[in-house]
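Data block below; observations after.
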Amino acid sequence: MSTPVEIHLMGRTFSIISNEDPAHVQAAAELVQSKVDELRQMGASVASDRLLALASLNLAGELLAGKETKIDGLGNLISSLDHVVLQAEGLAKAPLR
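The opening residue of the sequence shown carries number 1 in full-length UniProt numbering; numbering runs sequentially from there.
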């Protein structure tokens with residue numbers, strides 16, 4: 001169900017319609033604002049629209065890096081499980097003494 005949500009970014013209020021939980025939308029806006037604040041602390045002095053674009057690109061980059069890390073982790077887990085399965089199969093085929 002679409003719900004109107006008011007968010008605050010860079011001293012401005014935006015009213016948006018979202019199917020997401022309003023608390024989730026607020027949390028996302030707070031994350032963007034924190035990235036904007038971080039860029040400002042680093043000395044970024046660009047127009048608001050560019051600052052929001054930089055913040056969005058930084059967050060997207062962090063998201064993609066996190067996904068790659070998870071994919072690598074899953075690959076390692078699958079490899080380990082394959083190894084365990086091979087060992088178990090070997091034990092199952094071994095003659096009993």
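All C-beta atoms in this analysis are idealised placements derived from N, C-alpha and C, irrespective of residue type, glycine included.
Let me check understanding here. Comparing Cα to Cα, which of the options lies closest to residue i?
i           : options               : result
Q26         : T13, E38 and E62      : T13
residue 112 : N19, S79, N76 and N58 : Residue 112 lies beyond the stretch modelled for the chain, which goes from 1 to 97, so this question has no answer here.
I7          : S79, A29, M1 and S18  : A29
Skipping 5 residues on each side, what residues in its chain have a beta carbon closer than 7 Å to that of residue i?
i   : result
V48 : Residue identity check: residue 48 is Ser in the sequence provided, not Val. Same-chain partners within the cutoff: M10.
Which term fits residue i, buried or exposed, when burial requires 16 or more other beta carbons within 10 angstroms of its beta carbon?
i   : result
A55 : buried
K35 : buried
V5  : buried
Within a Cβ cutoff of 6 Å, which residues of the same chain sit near residue i, ignoring the five residues on either side of it in sequence?
i   : result
Q33 : L9
Verify the CB distance criterion: does residue i have a CB-CB separation below 7 Å to chain D?
i   : result
N58 : Included in the structure is just one protein chain, with no chain D present.
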